[in-house]
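Residue 24 in our numbering sits at position 17 of the sequence shown; the count goes up by one each step and never skips.
Ideal Cβ positions, reconstructed from N, Cα and C, are used throughout, including at glycine.
Please read these numbers as outputs of a predicted model, since none were measured by experiment.
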Amino acid sequence: MNEEIRFGTDGWRGVIARDFTFANVARVGAAIAAYLQDPKRREGRIYREWGVPFREAEAGVLVGYDTRFLSRDFALELAKALKVNGVPAWITPEPVPTPALSFAVVEKGLAGGVMITASHNPPEYNGVKFKPEYGGSATEEITKVIEARLPANPPDFSPGEIPTLPIREAYLEKIRQAVDLRLIRRAPLFPIVDAMYGSAQGYLATILRELRLPHIAIRSGYDPLFGGKKPEPIAENMGPLKAVIRGLRGRVRGRIIVGLVTDGDGDRAAGMDEQGQFLNTHRTASLLLWHLFHNRKIKGPILKSFALTDMVGKIAEEAGVPCQEIKIGFKWAVEGLVTKNAVFAGEESGGYGYSWHLPERDGILSNLLLLELVATEGKPLSALVEELFSRFGPHYYSRRDLLLPNRLEIAEKLRKNPPDGLAGHRVVKVEDLDGLKLRFSRGWLLLRASGTEPILRLYCEMDDPAEVQKVLDEAENLVKGGLL
8 MNEEIRFGTD GWRGVIARDF TFANVARVGA AIAAYLQDPK RREGRIYREW
58 GVPFREAEAG VLVGYDTRFL SRDFALELAK ALKVNGVPAW ITPEPVPTPA
108 LSFAVVEKGL AGGVMITASH NPPEYNGVKF KPEYGGSATE EITKVIEARL
158 PANPPDFSPG EIPTLPIREA YLEKIRQAVD LRLIRRAPLF PIVDAMYGSA
208 QGYLATILRE LRLPHIAIRS GYDPLFGGKK PEPIAENMGP LKAVIRGLRG
258 RVRGRIIVGL VTDGDGDRAA GMDEQGQFLN THRTASLLLW HLFHNRKIKG
308 PILKSFALTD MVGKIAEEAG VPCQEIKIGF KWAVEGLVTK NAVFAGEESG
358 GYGYSWHLPE RDGILSNLLL LELVATEGKP LSALVEELFS RFGPHYYSRR
408 DLLLPNRLEI AEKLRKNPPD GLAGHRVVKV EDLDGLKLRF SRGWLLLRAS
458 GTEPILRLYC EMDDPAEVQK VLDEAENLVK GGLL
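Listed below in structure tokens is the structure:
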């Protein structure tokens, strides 16, 4: 077998039956077992510098899975590969969100966790995320070791039972303690919960039922095709949520409608206001950070991904705390969250982490914090966004994903020869932390090749929505016309 397996921004992903096969999943399981049993593992930086408690491989690994096609079967295959290689393994009895798995790794003192998921990727994909002892994304140092330990062939093992380990209730209790549920219960709220057919379905709804808060849950059934949309919290995938909210306008009196969205494996979040306007992940991140600083009085250094809104940096600057830009992928945020050198980390894809919770993205907690924000302020999300715009200036954003198999070649050409301007905006600064960012006086454009799909992403933020589209149009023409 010679299939290439590489861990990207957060795990390894591939197309089911082409790259993501039972044999390859078993190979990854064997490689994880080899990493955990490596006597040199305790010399790793996470133990020497981060202060993470070392756990022997005998502490075992929990394997969770999402609602994708054959996810449970792939999880069993990987668990068996761990077991035959001498590492105790358990599997969750049902699909679980990634943050619940990460919490279980920490709470139960395991050597690690594995999540079978392709997160927000299209339904034909599946993937593997590895969570070390600290319960967050594996660092590049760790994934390179796992890649190096990949056997040429899958291990041989006979059919056998893998014990199950329930984690849902313990995780829900952790979440209940992380927000002010009494405040949320008293507030005149009407949440619409959209799980996008992912594995976070039922989690927020359970808490809202306990609070006896009127709500509606949509896209919460089992559909491995995700209703024909990939389970990513972006505007073009929000039609069902928008339809429900707009259908309720005028019918829900005396309550504030709040749309709450999680992605395919529940580690990402976004919102929608009472008018059916999507709150992209940039506005969601800004609202969450504002809430932490000004309502919860949790202040400290923050981390923002290279593609996240400048507004986050402005909120940090006003609060007098440092804001550090990091590469795209939550693995670059975990060190700051584990060591408590950052209180918050946010990324453009909708992942938000909190040092006082887990060094992991948690879309379920983030949605509850949005509810807590609305309950505290007594204002709808639309008004809260306008207040941020009034304070920090307007910030409009959009992203285009261009299907380009030769994306890496194109990205390299652009890096070597960036344009001087686009759509009438002169480039005043070029940044290359992760991809190519062209800064203008009124905003920026980022061009970056995806690490998990054959896609070149164009990200743009400007102070006017029309200018966003103009810049993206010209950037797309440049990429497709001048470089192909």
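When you compare the CB positions of residue i and residue j, do they come within less than 7 Å of one another, or not?
{"i": "A323", "j": "I333", "result": "no"}
{"i": "E355", "j": "A314", "result": "yes"}
{"i": "E243", "j": "H127", "result": "no"}
{"i": "D272", "j": "P104", "result": "yes"}
{"i": "L375", "j": "V186", "result": "yes"}
{"i": "F233", "j": "Y210", "result": "no"}
{"i": "I191", "j": "E379", "result": "yes"}
{"i": "R20", "j": "Y132", "result": "yes"}
{"i": "A250", "j": "R156", "result": "no"}
{"i": "R464", "j": "V392", "result": "no"}
{"i": "G353", "j": "D17", "result": "no"}
{"i": "V345", "j": "Y141", "result": "yes"}
{"i": "P195", "j": "V265", "result": "no"}
{"i": "G307", "j": "V350", "result": "yes"}
{"i": "E84", "j": "F137", "result": "no"}
{"i": "L377", "j": "I462", "result": "no"}
{"i": "P139", "j": "G119", "result": "yes"}
Please report how far the alpha carbon of residue i lies from the alpha carbon of residue j, in whole angstroms.
{"i": "K321", "j": "E394", "result": "14 Å"}
{"i": "I252", "j": "Q284", "result": "9 Å"}
{"i": "D73", "j": "A207", "result": "9 Å"}
{"i": "M279", "j": "T316", "result": "18 Å"}
{"i": "N484", "j": "E468", "result": "18 Å"}
{"i": "L490", "j": "K420", "result": "For L490, the pLDDT reaches just 47, beneath the cut-off of 50, and the residue's location in the model is therefore unreliable, although a value from the coordinates is still provided. When rounded, the distance between both Cα atoms is 8 Å."}
{"i": "D427", "j": "T288", "result": "29 Å"}
{"i": "K477", "j": "H432", "result": "10 Å"}
{"i": "P548", "j": "K115", "result": "Past the boundaries of the shown model lies residue 548; the chain is included only from 8 to 491, so the question cannot be answered."}
{"i": "M8", "j": "I305", "result": "Interpretation of M8 is limited by its pLDDT of 43, a score under 50 that renders its predicted location unreliable; no figure is taken from the coordinates."}
{"i": "G257", "j": "I263", "result": "11 Å"}
{"i": "L443", "j": "K237", "result": "26 Å"}
{"i": "D270", "j": "S373", "result": "12 Å"}
{"i": "E154", "j": "F14", "result": "8 Å"}
{"i": "A159", "j": "F27", "result": "15 Å"}
{"i": "N474", "j": "R175", "result": "Sequence check: residue 474 is Glu here, not Asn. Computed Cα separation, rounded: 45 Å."}
{"i": "R260", "j": "L248", "result": "19 Å"}
{"i": "E168", "j": "R48", "result": "29 Å"}
{"i": "L80", "j": "R446", "result": "In the sequence as presented, Leu is not what sits at residue 80; that position holds Asp. In a straight line, the C-alpha of D80 is about 46 Å away from that of R446."}
{"i": "E325", "j": "S448", "result": "20 Å"}
{"i": "A202", "j": "E281", "result": "18 Å"}
{"i": "I98", "j": "M245", "result": "32 Å"}
{"i": "G488", "j": "P425", "result": "15 Å"}
{"i": "S78", "j": "A430", "result": "45 Å"}
{"i": "V434", "j": "G450", "result": "10 Å"}
{"i": "I12", "j": "V135", "result": "11 Å"}
{"i": "W363", "j": "K181", "result": "12 Å"}
{"i": "R303", "j": "L296", "result": "10 Å"}
{"i": "R75", "j": "D274", "result": "15 Å"}
{"i": "R55", "j": "K338", "result": "18 Å"}
{"i": "A212", "j": "Y361", "result": "22 Å"}
{"i": "I23", "j": "A82", "result": "14 Å"}
Candidates the options: which alpha carbon is nearest residue i's?
{"i": "S227", "options": "F313, M469, V200, T288", "result": "V200"}
{"i": "G327", "options": "I309, G358, E342", "result": "I309"}
{"i": "G143", "options": "Y403, L409, G358, A418", "result": "G358"}
{"i": "E50", "options": "R406, A224, I149, G360", "result": "I149"}
{"i": "P170", "options": "P95, A212, Y141", "result": "P95"}
{"i": "R398", "options": "I263, S293, L157", "result": "S293"}
{"i": "P472", "options": "K487, S448, V486, Y404", "result": "Y404"}
{"i": "F61", "options": "D45, L69, V486, F76", "result": "D45"}
{"i": "L117", "options": "R303, V319, G67, I462", "result": "G67"}
{"i": "A40", "options": "F447, H298, G18, E65", "result": "E65"}
{"i": "E101", "options": "P130, G343, L69, G119", "result": "L69"}
{"i": "V319", "options": "H402, G93, V434, A145", "result": "H402"}
{"i": "E63", "options": "G343, G93, Y178", "result": "G93"}
{"i": "E147", "options": "R193, I53, G134, P130", "result": "I53"}
{"i": "D470", "options": "P129, I225, G400", "result": "G400"}
Measure how close the beta-carbons of residue i and residue j come, nearest whole angstrom, since I'm counting them as under 8 Å.
{"i": "L452", "j": "A482", "result": "6 Å"}
{"i": "K311", "j": "C330", "result": "6 Å"}
{"i": "R422", "j": "L479", "result": "That pair is no contact at about 19 Å."}
Decide yes or no for the touch test of the stretch 103-117 against the stretch 358-374: beta carbon pairs closer than 8 Å, at least 3 of them.
-> yes
Please confirm if the stretch 208-221 is in contact with the stretch 159-170, defined as three or more CB-CB distances below 8 Å between the two stretches.
-> no
Report yes or no: do the stretch 119-126 and the stretch 384-400 share at least 3 C-beta pairs separated by less than 8 Å?
-> no
Pairing CB atoms from the stretch 405-420 with CB atoms from the stretch 455-471, are three or more of them under 8 Å?
-> yes
Counting pairs of beta carbons, one from the stretch 29-43 and one from the stretch 81-93, are three or more of them closer than 8 Å?
-> yes
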